[in-house]
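To start, the structure itself, in structure tokens.
Number of protein chains: 2
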Amino acid sequence: MPKYHGELDAVLRALADPTRRAIVERLAKSPAVVSELAAPFSMALPSLMQHLRVLESAGLVTSHKIGRVRTVSLRPGALDVLHLWLGEMRTPAEQQADRLGIHLTRTASKET
Amino acid sequence: MPKYHGELDAVLRALADPTRRAIVERLAKSPAVVSELAAPFSMALPSLMQHLRVLESAGLVTSHKIGRVRTVSLRPGALDVLHLWLGEMRTPAEQQADRLGIHLTRTASKET
Numbered sequence: 001m002p003k004y005h006g007e008l009d010a011v012l013r014a015l016a017d018p019t020r021r022a023i024v025e026r027l028a029k030s031p032a033v034v035s036e037l038a039a040p041f042s043m044a045l046p047s048l049m050q051h052l053r054v055l056e057s058a059g060l061v062t063s064h065k066i067g068r069v070r071t072v073s074l075r076p077g078a079l080d081v082l083h084l085w086l087g088e089m090r091t092p093a094e095q096q097a098d099r100l101g102i103h104l105t106r107t108a109s110k111e112t
Numbered sequence: 001m002p003k004y005h006g007e008l009d010a011v012l013r014a015l016a017d018p019t020r021r022a023i024v025e026r027l028a029k030s031p032a033v034v035s036e037l038a039a040p041f042s043m044a045l046p047s048l049m050q051h052l053r054v055l056e057s058a059g060l061v062t063s064h065k066i067g068r069v070r071t072v073s074l075r076p077g078a079l080d081v082l083h084l085w086l087g088e089m090r091t092p093a094e095q096q097a098d099r100l101g102i103h104l105t106r107t108a109s110k111e112t
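Protein chains in written order, with full-length UniProt numbering: chain E, 1 to 112; chain Z, 1 to 112.
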């Protein structure tokens with residue numbers, strides 16, 4: 001079991017919900033204020049805030065408040081644990097294909 | 001919303017459970033028969049079979065039966081939708097870093 005297992009668990013549970021995933025997809029483009037995030041969902045603000053809390057406690061988003069406006073951002077490197085885990089899930093055949101791909105890229109670069 | 005959204009949804013829901021994730025981690029090493037998969041978990045066989053059904057319907061694993069022995073494998077490319085989605089979630093700053101990394105790798109290859 002990987003060391004980052006607890007973090008990965010929180011990230012996957014957060015992303016298993018389509019609304020939370022849609023929020024992450026929106027924030028990958030740019031930070032947004034809460035009202036902007038709420039707009040595409042026909043959802044009461046308390047429900048949206050609940051989703052944001054789950055995303056924040058999973059380390060996926062951060063937010064800061066200036067005056068009455070709260071801006072939410074995707075945390076840089078937030079999805080790194082998932083990248084890491086996916087890398088470990090490569091089957092032996094896929095790892096071999098990865099190495100071949102790297103070799104071919106390097107060879108092609110040298111030839112040009 | 002990406003086109004592969006339904007598939008991604010099933011994959012993330014399947015992986016949000018730690019037992020199912022542990023099964024995927026085991027299968028990434030090699031295919032296994034059901035009794036091998038059950039061994040590390042103090043779990044009744046019907047519960048394990050239920051987890052395997054969820055993984056199978058999410059397209060993460062396949063299984064085949066020879067005689068009385070059922071062998072389960074990780075489906076090649078099973079996690080591709082997740083790779084794809086993660087690629088789309090790269091923030092503009094991360095995408096810029098990716099391009100710089102590719103450029104530096106190519107430059108380094110040419111110099112050696």
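Heads up, the beta-carbon is just placed ideally off N, CA and C, and yes, glycines get one too.
**OP:** Taking a Cβ distance cut-off of 9 Å, strictly less, list which residues of the stretch 26-46 of chain E are near chain Z, in chain order.
**Re:** Hits within the stretch, in order: Leu-27, Ala-28, Lys-29, Ser-30.
Original post:
Can you find a CB in chain Z that lies within less than 8 Å of the CB of Ala-16 (chain E)?
Top reply: Residue numbering aside, residue 16 (chain E) sits at position 16 when the first sequence is read from its first letter. Interface annotation, Ala-16 (chain E): in contact with chain Z, CB-CB separation under 8 Å.
Original post:
Can you round the beta-carbon distance between Val-54 (chain E) and Leu-74 (chain E) to whole angstroms, since I take them to be within the 8 Å contact cut?
Top reply: As a working mapping, residue 54 (chain E) is identified with position 54 in the first sequence. As a working mapping, residue 74 (chain E) is identified with position 74 in the first sequence. By a beta-carbon distance limit of 8 Å, Val-54 (chain E) does not contact Leu-74 (chain E). Their separation comes to about 14 Å.
Subject >> Under 7 Å from the C-beta of Arg-13 (chain E): neighbouring residues of chain Z >> reply: In the first sequence, the residue the question calls residue 13 (chain E) occupies position 13. Within 7 Å Cβ-Cβ: Ala-16.
Original post:
Since Met-89 (chain E) and Val-11 (chain Z) are thought to touch, with beta carbons under 8 Å apart, how far apart are those beta carbons, to the nearest angstrom?
Top reply: Stepping through the first sequence from its first residue, residue 89 (chain E) is reached at position 89. Stepping through the second sequence from its first residue, residue 11 (chain Z) is reached at position 11. Met-89 (chain E) to Val-11 (chain Z), Cβ: 12 Å. No contact.
Subject >> Candidates E:Arg-20, E:Ser-57, E:Pro-76: closest to Leu-40 (chain E) by CA position >> reply: As a working note, residue 40 (chain E) is residue 40 in the first sequence. According to the sequence as given, residue 40 (chain E) is Pro; it is not Leu. Here the closest residue by C-alpha is E:Arg-20.
Subject >> Beta bridge counterpart(s) of Thr-71 (chain Z) as assigned by DSSP >> reply: One-based indexing of the second sequence puts residue 71 (chain Z) at position 71. Per the DSSP secondary-structure output, Thr-71 (chain Z) pairs in a beta bridge with Z:Val-33, Z:His-64.
Original post:
Under the three-state reduction of DSSP, which class applies to Pro-18 (chain E): helix, strand or coil?
Top reply: Counted from its first residue, the first sequence places residue 18 (chain E) at position 18. Looking at Pro-18 (chain E) - three-state DSSP - the assignment turns out to be helix.
Subject >> Alpha-carbon to alpha-carbon, Leu-79 (chain Z) and Ala-97 (chain E) >> reply: In the first sequence, residue 97 (chain E) corresponds to position 97, counting from 1. In the second sequence, residue 79 (chain Z) corresponds to position 79, counting from 1. Whole-angstrom Cα-Cα distance: 15 Å.
Original post:
Which same chain residues, not among the five before or five after Tyr-4 (chain Z), have their C-beta less than 7 Å away from its C-beta?
Top reply: If you number the second sequence from 1, residue 4 (chain Z) lands on position 4. Answer for Tyr-4 (chain Z): Val-81, Leu-84, listed in chain order.
Original post:
Among E:Gly-6, E:Pro-31, E:Ala-22, which has the Cα closest to the Cα of Thr-91 (chain Z)?
Top reply: By one-based count along the second sequence, residue 91 (chain Z) stands at place 91. Of E:Gly-6, E:Pro-31, E:Ala-22, the residue nearest in Cα terms is E:Pro-31.
Original post:
What distance in whole Å lies between the Cβ atoms of Val-33 (chain E) and Arg-68 (chain E), which are believed to be in contact at a cut-off of 8 Å?
Top reply: On the first sequence, position 68 is the one that residue 68 (chain E) refers to. On the first sequence, position 33 is the one that residue 33 (chain E) refers to. Incorrect: roughly 10 Å between the Cβ atoms, too far for contact.
Subject >> Rounded separation between His-103 (chain E) and Ser-47 (chain Z) - CA only >> reply: Here the question's residue 103 (chain E) lines up with position 103 in the first sequence. Here the question's residue 47 (chain Z) lines up with position 47 in the second sequence. Note on geometry: alpha-carbon atoms of His-103 (chain E) and Ser-47 (chain Z) lie some 44 Å from one another.
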